[in-house]
Structures are given as structure tokens and as C-alpha cells.
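Numbering (our numbering), first residue to last: 1050 to 1358.
In C-alpha cells form, the structure reads like this:
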């Protein structure tokens, strides 16, 4: 395995420019009996950006992400990858086209070592008769590639690729999951509450990994209830409310208080400074990377009381 590095969109490619979404959803509808999970949701993810998806409990965040990654099949609507219609009937379909998901539940095998977890389901076999006939695994090669994948994300605390994952801290386990997604995700990485239940130091490590993945040109969808984390790393923020999209904002166009107000229905996007569509250019650093002192970005207010965790 070589560590996958996504390249920014090439504007010289016919039919493709840096304003073309990598992944799009149009009019997604999903119901569970009489309960409507998604009601005509649109979403666009552009090259090299972190798109946060926020919303109160029951807003449809999880349903939306599951429809984008093949865990659920929408009742209506369309998914597009690089502008072309696609249909995912199972998670493997999404993985086959380069969409990797790291779920909040951390799908790791605790008894296996770090290298085995990175290659879980994609084990590399030895060359020649040993691999083709005896089906022997290339453990040495997988350990070497696993170390390269972790190092590329700035994870220097994990040195022994033979160490069992069950001996790792929560942050280290999350690092293994993110490294696996970054290694195999050639199009999109989806992170579901990656800092949930982590301490401050471990959360900061995960946020650094997200920034590193973005710097490679690989777009990220981040689902999170942690507003300070969202405003630190997101370039744009998609707000869900009661199964519908309540709008798209940026950390520079709106404050945390305004985002929470839209999310909870206390106000609407029309009553706040204004929504934001596509990023100005894929090569332009997102708000999370700009200098607050130099770009006029608003200072972020404290987290409001009563905000859902």
C-alpha cells in the first residue's frame, strides 16, 4: 500500500474545474415508516475543503451521512461523484470509489495489532507461491506501510506497528482509524464525531490530522456537535434542521451563536448575515487556515449555554 494523496482539481481537464463538487447530493429523501429522516436535502463537497455537518438531535445528520456512504439507500434523490450520477447500495460500493468513513463507534479490532487494523479487509499477501498458493500475508510490508501512513499524518507516538490496538488510548485508536481512511480514501473522507469522548490533547491531535488530510487536497466531511472544533477546522458548515438543510455558512461569515440559533430554529439564515455557496477557489485557504489578525475574521464567541452536546 502506498499512502494515497489526492490532488486538487485540474482546471485544464475538460468538463472539470475547481468549482466542480467532488461529491454532491440532490433532493435526498429518506423515511422510516412515517418518520421523515431527510426531506429533499442538497449538499456539495468541493476539492480540498473540510465541510462540517451540524444539527440538533434528530436533524438528519446521521441519515444524510449514511446515504452518502452506502449504509442507507435514499428513497429519492441523486448522488453525484465528480459530476456523474452514482448509486451506493452498500458501504463497499462507496469504498470502491474512494469514499472512506470513520464512525463514532471506532470500527477497530482491539485484539489485532496496528498494522492489521490499517489493512483490515485489504490484507496484502506475499509475492510468489507463498502468497498465491499458501495465502501467506506480507506482515512486514504491511507494518512498514502502516508506519508510513501514521508518520505522514504527523502521528509520532505510535512506533510499534505490532502493538495491539486494545492497549492504545482513545486518541491513538482514532489516529489508526483516520490513518486507514486517509490511506485508502482517494476521493472523500467522512468523519463521524471523531473527537467525541476524547480529552483535550487527543482532540487536538485529531484536529491536526484533519488539517493534514485537507492539505493533501483530500476533502473531508466532518460531523460534530463540538462547535469550537467545527469553527477551528471547517471551511464551510452545512446546517441540518428537522430533516432539511437550513443553509450553508462559513466560520468567517457567521458566529457560533448564529450557527446554533439557525440549527435550533431560533432564527433563520435569511435573518443572519447571509449564506455561502461554493468556496471562492479550491486553491484558496479556508477560513480555518487564515490569520484572524489579517483577514478580518470575527472573533469566535464562547459556546452558548444550553447548546446540545
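All C-beta atoms in this analysis are idealised placements derived from N, C-alpha and C, irrespective of residue type, glycine included.
Does the separation of the CB atoms of residue i and residue j fall below 8 Å?
| i | j | result |
| --- | --- | --- |
| residue 1109 | residue 1220 | no |
| residue 1098 | residue 1241 | no |
| residue 1223 | residue 1207 | no |
| residue 1126 | residue 1177 | no |
| residue 1011 | residue 1226 | Coverage of the chain is limited to positions 1050 through 1358, which leaves residue 1011 absent and any answer about it impossible. |
| residue 1174 | residue 1180 | yes |
| residue 1211 | residue 1184 | no |
| residue 1214 | residue 1156 | no |
Nearest to residue i by CA position, among the options, is which residue?
| i | options | result |
| --- | --- | --- |
| residue 1160 | 1143, 1177, 1181, 1216 | 1216 |
| residue 1144 | 1086, 1232, 1134 | 1232 |
| residue 1229 | 1163, 1130, 1273, 1187 | 1163 |
| residue 1142 | 1180, 1121, 1252, 1073 | 1121 |
| residue 1118 | 1225, 1269, 1306 | 1269 |
| residue 1267 | 1187, 1286, 1151, 1095 | 1095 |
| residue 1152 | 1243, 1127, 1130, 1210 | 1243 |
| residue 1238 | 1188, 1093, 1263, 1136 | 1263 |
| residue 1235 | 1303, 1196, 1148, 1188 | 1148 |
| residue 1146 | 1156, 1157, 1189, 1131 | 1131 |
| residue 1250 | 1278, 1188, 1265 | 1278 |
| residue 1093 | 1297, 1320, 1187, 1307 | 1297 |
| residue 1073 | 1085, 1184, 1129, 1079 | 1129 |
| residue 1079 | 1111, 1071, 1281 | 1111 |
Look up residue i in the DSSP assignment and give the residues it is bridged to.
| i | result |
| --- | --- |
| residue 1107 | Residue 1107 pairs with nothing; no bridge assigned. |
| residue 1072 | 1094, 1130 |
| residue 1101 | 1271, 1286 |
| residue 1084 | 1081 |
| residue 1038 | In this structure the chain extends from 1050 to 1358, so residue 1038 is not present and cannot be described. |
| residue 1125 | 1078 |
Could you tell me the distance, in whole angstroms, from the CA atom of residue i to the CA atom of residue j?
| i | j | result |
| --- | --- | --- |
| residue 1255 | residue 1198 | 15 Å |
| residue 1294 | residue 1200 | 37 Å |
| residue 1091 | residue 1166 | 34 Å |
| residue 1069 | residue 1104 | 26 Å |
| residue 1305 | residue 1299 | 10 Å |
| residue 1115 | residue 1124 | 13 Å |
| residue 1289 | residue 1307 | 14 Å |
| residue 1303 | residue 1261 | 25 Å |
| residue 1113 | residue 1195 | 31 Å |
| residue 1287 | residue 1086 | 16 Å |
| residue 1189 | residue 1321 | 56 Å |
| residue 1417 | residue 1107 | Any question about residue 1417 goes unanswered here, given that the chain covers just 1050 to 1358. |
| residue 1317 | residue 1275 | 21 Å |
| residue 1281 | residue 1315 | 23 Å |
Segments assigned beta strand (DSSP E), at least 3 residues, entirely inside the region 1196-1283: 1237-1241, 1269-1272
Runs of beta strand (DSSP E) lying entirely within the region 1134-1200, each at least 3 residues, in chain order: 1148-1151
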